[in-house]
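Some notes on the structure that comes next.
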Amino acid sequence: MGRSLPSRDKWESDFPRWFDRVLEEAEIYDYGRYPVKGMGVWMPYGFQIRRRVLDLVRRELDKRGHEEVLFPLLIPDFLLRKESEHVKGFEDEVYWVTHGGLEELDVKLALRPTSETSITYMESLWIKSYRQLPKKYYQVVSVFRYETKATRPMIRLREVTTFKEAHTLHDSFEDAERQVAEAVEVYKRIFDEMGIPYIISRRPEWDKFAGALYTIAFDTIMPDGRVLQIGTAHNLGQNFTKAFDFRIQLADESLDYLWQTSYGISDRVIATLIAIHGDDRGTVIPPSMAPIQVVIIPILAGKEEDKARVLNYAVSLKKSLEESGFRVKIDDREDVRPGAKYYYWEAKGVPLRVEVGLREVEENMVTLTRRDTLERRSAERERAIENIRELLNTIESDLKKRAWEFFKSRITRAKTVEEAKKAFESKRGIIEMPWCGKDECALKLEEELEAKTLGTPWPSEKESPGSCPVCGSMAVTIIRLAKTY
Ligand code: A5A
Ligand code: ZN
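In my numbering, the protein residues as written are 4 to 488.
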């Protein structure tokens, strides 16, 4: 497939096409053929990648005392409407169930676009004492949003099938703030493990989550220089608990509404994992996340007894690799030529290929090829496991390093609108500029640069950054802008 893919040099313009093709050719996700817009199908290989990502997400949340729950998909009209800002933000994105069979329902039911309302409602029945706090729940579910911007596979879906939402409860504002910081730590670990670079911003007032006091967001830069929001953590204050009249007696005997946070990630994280390490030949999955870490290709040629020797050699190598804890696959299809197999597994992003032919058997060797650099080398069979372990570790760290280098090279500090425009023209990415803090100046910048405000650094930076490029008054912080998905 390599040859027919847009090349990495041209990703600036061709990335969306590259991404669509890789999902299809690597048999990860079938999108656009299912006859509902904005909804795709996870295919077996994609499902395996998704499962490993979710394992990581669950591990990190469980470790920090989050408890997994599962709420109904349907939210009755009157619950969704409880918090006025929330419903205003989501109103035009909700799918409604209005009928049961031929009968019209007395209460319209929403396909959940997110679950703050249904979860707060049940929490108000469950939580009776401050001694139960803090409480941290999460679920991994489908949510439905009738998105009106251009839909894209995994990146902007109408059914978000891998939506992990966490919801927490606290007895004070400070504890909720601490929770937002913990959420950020959890997401950092998850993204670091996957080698996904990120920058953390406090979103501006006009772009915070509907119903939140404030929103902290993780953004990454895709290969075409456009920015994608890959996770958010919201301090919800008492907005929802007030709407649900959810109060309890606290330790000091005062009666007060509880404080909440929520934070979420989605299929976008998997999209980023697939996109960010890829190249002209397809995706590259870091060894820690790869469903198959090593693919063994037996070169089956000549006499039957030679083929049998090669195959036995391959099987015994697979066995010892598996005993050492690696995820291994032998591609012993007889009707496919080795070259075609190479392309096939390269497209799927298997980090390491092992070739064994008659020569390898006779010399007691293996031939190893790195997926990321395509470097080939031989190793003695006796030392194959060690060599493979070492190579996989190197691939893992090289992929992360390369991703962060690319990311950092796309962040530009600019003092003037002209400088910002130039940076956007040459490499898109993220622009950081001094800012006076006034909404009108940010909105002016958005207009002139045809970009979106990502927000201000989180945690906030102390250094004095100069003067606002719009009004000239002294800047109080840095503002980040980008061309976004
Ligand atoms: N309940 C809170 C956590 C919430 O819903 N927050 S959110 O609206 O910001 O969504 C969480 C994350 O889901 C976003 O940061 C974004 O990465 C992802 N997301 C949102 N809409 C999406 C869509 N239509 N397709 C794919 N991912 C989406
Ligand atoms: Zn200004």
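Even for Gly, the Cβ is constructed at its ideal location relative to N, Cα and C.
If you're wondering where the values come from, they're calculated on a predicted model, not measured in any experiment.
Quick check on the DSSP output: the beta strand (DSSP E) that includes Met157 runs from which residue to which?
Looking at the DSSP string, Met157 is not in any beta strand (DSSP E), and its letter there is neither H nor E.
Using a Cβ-Cβ cutoff of less than 8 Å, which residues in the same chain neighbour Arg413 once the five nearest sequence positions on both sides are dropped?
Ile224, Gly228, Lys430, Arg431, Gly432 and Ile433
In whole angstroms, what separates the C-alpha of Val189 from that of Glu63?
6 Å
Given this structure, state the Cα-to-Cα distance separating Thr370 from Val364, to the nearest angstrom.
11 Å
Please identify the residue among Ala423, Glu399 and Leu446 whose C-alpha is closest to the C-alpha of Met197.
Glu399
Beta carbon shell of ligand 2 at less than 6 Å from a heavy atom
Cys439, Lys441, Cys444, Cys471, Val473, Cys474 and Ser476
Determine, using beta carbons only, whether Val187 comes closer than 7 Å to chain E.
As a matter of chain content, chain E is missing from the structure shown, which is built from one protein chain.
One or two residues paired with Trp407 in a DSSP bridge
DSSP, once it has assigned bridges, lists no residue as partnering Trp407.
3 or more residues per run - each beta strand (DSSP E) lying fully within the segment 232 to 299:
250 to 252, 258 to 260 and 262 to 268
Do three or more CB pairs link the segment 314 to 329 to the segment 284 to 304 at distances below 8 Å?
yes
First through last residue of the alpha helix (DSSP H) which encompasses Pro116
Unbroken run through Pro116: none, as it is neither H nor E.
Look up His173 in the DSSP assignment and say whether it is helix, strand or coil.
strand
Do you know how far the Cα of Gly360 is from the Cα of Arg336?
14 Å
Please tell me whether, using a cut-off of 6 Å, the distance from the CB of Gln232 to the nearest non-hydrogen atom of ligand 1 is below it.
yes
Between the Cα of Val313 and the Cα atoms of Val353, Thr286, Val357 and Lys344, which residue gives the shortest distance?
Val357
Boundaries (first-last residue) of the beta strand (DSSP E) holding Gly360:
Counting along the chain, Gly360 falls outside any beta strand (DSSP E), and DSSP gives it neither H nor E.
Three-state secondary structure (DSSP) of Gly214
coil
Do you know whose CA, among Gly352, Thr154 and Glu378, lies nearest Pro294's CA?
Gly352
With a threshold of 6 Å (Cβ to nearest heavy atom), would Leu160 be considered close to ligand 1?
yes
Are there 16 or more other CB atoms within 10 angstroms of the CB of Gln252, so buried, or fewer, so exposed?
exposed
Rounded to the nearest angstrom, what separates Glu383 and Glu366 at their Cα positions?
8 Å
From what residue to what residue does the alpha helix (DSSP H) around His89 run?
Ser87 to Phe93
From which residue to which residue does the beta strand (DSSP E) around Leu377 run?
Unbroken run through Leu377: none, as it is neither H nor E.
Counted within 10 angstroms of its Cβ, other Cβ atoms place Gln182 as buried (16 or more) or exposed
buried
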